[in-house]
Amino acid sequence: MNPSDAMHAAGVNTANSGFERALRHVAAPAVISAARVVTRLTTRGVHVAWFDAWNSTLDQALDVLPAIPGCDRDLYRELTQPTSIRKRHALATENGRPTALISLRRRRRYWEPVAYQSLSGVIAPASSQAALGRALHALGVEVRVEAGLDMSVMELNPRSHWSPDNYRIDLQGDYEARWSRNHRSNVRRARKRCDEFMRLRIDDVDDLEWCCTQWVRMWEGTDAEEIVAAEDRRRFWRAFMKRQGADSPIQFHTLHLLHGDRRTAGIVLMCKDGIALGQCIVRDPEYDRFWVGVRMLEASIQWAASAGHRHFDLGSGQGYKQSWGEPVAGRYGVIFRPRAVSALYRLGLL
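Counting with the working numbering, you get residues 642 to 991 for the letters of the sequence shown.
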């Protein structure tokens, strides 16, 4: 019986009692601290050193570890720099040699890799997939990656995982034929409303700034706390776009719909392996009557097809994506968490 059930059985009104709040306030931090200690004692062969700020020791370790494919070490360092959101860096070594360097950004109840929301599919630099898994389990803290990982993450033996449907458009087929009649009608209506006085602009450096700022305005104040990544997105994408070339295996592009010189909607795309992924899709609410969001998304899909990409990936969630693409499985979210912390969730203390 958990504490809440026990109090109900004793006739205690937990809704009005401060006991549960006090228990949560005292017990949860104590158990989390104990979990870190126990993890260090029970994890064999892996030593983890924590740092609150990036330093020369971490620089040297990063230079030893393999670079993330498509993202050189200097670009990855952009994600490790301080922002207004707390970060910590965990250097894992085995037999005195660096095996993983896991930089984390704080969310309300857990940590997430600094690459999350900026460089899809990446957790951290590591000497091997197996070494990364050992390091994650040796941290003693809860780490979540909400989405975007491929099936290889299962080799890391996460505490829990899920695989929501991703919505994807096959750009090599007649994708419009798969849309419902109502959706095709809405797309035509948006095209008619916008094309008479709006134009499309691609890869203007200032457009990235507007897109990131608008994204924060759209999502600030939500429980999901997605905007903790805002500063990292802006810095990393700006640096990446300045250095990428036509043959770069990963590329970022911006597309914006303009009314004169005013931006009405925009998108940041991450393009890799023939897939254009919509990373940041925003619009100016003052132009909603023109359906600029619909027109922006259609223009992005058309651009991706003309650039030779095979698929346009909308990601998971949000109902509007079902109107555009077909559900595709095989993308994962995961949690790495000490057993003691899992117990706190079961007891309702987290």
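Positions of the beta carbon are idealized from the N, C-alpha and C atoms, including for glycine. None of the values given here were measured: they were computed from a predicted structure.
Query                                                                                                                             : Result
Given residue 944 as reference, the closest of 867, 898, 798, 885 once Cα atoms are compared                                      : 898
Beta-carbon proximity check, residue 921 vs residue 852, cutoff 8 Å                                                               : yes
Beta-carbon contacts of residue 877 that lie in its chain and below 6 Å, excluding the five residues immediately before and after : 719, 720, 759
Classification of residue 994 by the beta-carbon crowding that lies within 10 angstroms, buried from 16 upward                    : Within the shown structure, residues of the chain are numbered from 642 to 991, placing residue 994 beyond reach of any answer.
CB contact below 8 Å: residue 835 versus chain B                                                                                  : Protein chains in the displayed structure number just one, and chain B is not present.
Outcome for residue 676 when other beta-carbon atoms lying within 10 angstroms are tallied against a minimum of 16                : Note that residue 676 scores 47 on pLDDT, short of 50, meaning its location in the model is unreliable and no value can be drawn from it.
Residue of 775, 863, 873 minimising C-alpha distance to residue 756                                                               : 873
Straight-line Cα distance separating residue 932 from residue 829                                                                 : 10 Å
Secondary structure of residue 788, DSSP reduced to three states                                                                  : strand
Residue 977 to residue 903 span [Cα, whole Å]                                                                                     : 44 Å
Sequence-distant residues of its chain with Cβ nearer than 7 Å to residue 880 (five each side left out)                           : 716, 719
Pick from 765, 724, 740, 965 that is closest to residue 713, judged by C-alpha positions                                          : 765
DSSP bridge partner residues for residue 732 (one or two, in chain order)                                                         : 690, 742
Range of the contiguous alpha helix (DSSP H) that encloses residue 942                                                            : 933 to 947
Cut-off 8 Å between Cβ atoms - residues of its own chain near residue 667, not counting five sequence neighbours on either side   : At residue 667, the pLDDT of 45 sits below 50, so the modelled position is not reliable and the matter cannot be decided from this model.
Close-in-space but distant-in-sequence residues of the same chain around residue 730 (CB under 6 Å, 5 per side omitted)           : 692, 699, 744
Residue 605 (DSSP reduced to helix, strand or coil)                                                                               : Past the edges of the chain, shown from 642 to 991, lies residue 605, and the structure says nothing about it.
Residue 780 to residue 742 span [Cα, whole Å]                                                                                     : 11 Å
DSSP three-state assignment for residue 991, whether helix, strand or coil                                                        : With a pLDDT of 49 at residue 991, under the threshold of 50, the modelled position of this residue cannot be trusted; read the value that follows with caution. In this structure, residue 991 counts as coil in the three-state DSSP scheme.
Three or more C-beta pairs below 8 Å linking the region 808 to 819 and the region 945 to 954                                      : yes
Whole-angstrom distance between residue 796 and residue 967, CA atom to CA atom                                                   : 27 Å
Between the CA atoms of residue 906 and residue 679 - distance to the nearest angstrom                                            : Unreliable positioning characterises residue 679 in this predicted model, as indicated by a pLDDT of 49, which lies under 50. The coordinate reading is nonetheless provided below. Straight-line Cα distance between these residues: approximately 50 Å.
Under 8 Å between C-beta atoms of residue 767 and residue 740                                                                     : yes
Residue 689 versus residue 738: straight-line alpha-carbon distance, rounded                                                      : 11 Å
Collapsed DSSP secondary structure at residue 665 in the structure displayed                                                      : Confidence at residue 665 is low in this model, with a pLDDT of 48, below 50, so its placement is unreliable and no value can be given for it.
Rounded C-alpha distance that separates residue 784 from residue 754                                                              : 8 Å
Counted within 10 angstroms of its Cβ, other Cβ atoms place residue 846 as buried (16 or more) or exposed                         : exposed
Buried versus exposed call for residue 837 [16 or more other C-beta atoms within 10 Å across all chains shown]                    : exposed
Three-state secondary structure (DSSP) of residue 682                                                                             : Because the pLDDT of residue 682 is 48, which lies under 50, any placement of that residue in the model is unreliable, and the number read from its coordinates should be weighed accordingly. Three-state DSSP puts residue 682 in a helix.
Length of the line joining the Cα atoms of residue 843 and residue 686                                                            : 50 Å
Proximity below 8 Å, CB of residue 923 to CB of residue 859                                                                       : yes
Beta carbon of residue 973 nearer than 8 Å to that of residue 790                                                                 : yes
8 Å Cβ cutoff met for residue 918 and residue 804                                                                                 : no
Proximity to residue 833 [Cα-Cα], best of 939, 884, 867, 774                                                                      : 939
Cβ-Cβ distance between residue 869 and residue 893 below 8 Å                                                                      : no
Residue from 965, 696, 915, 935 whose Cα sits closest to the Cα of residue 891                                                    : 915
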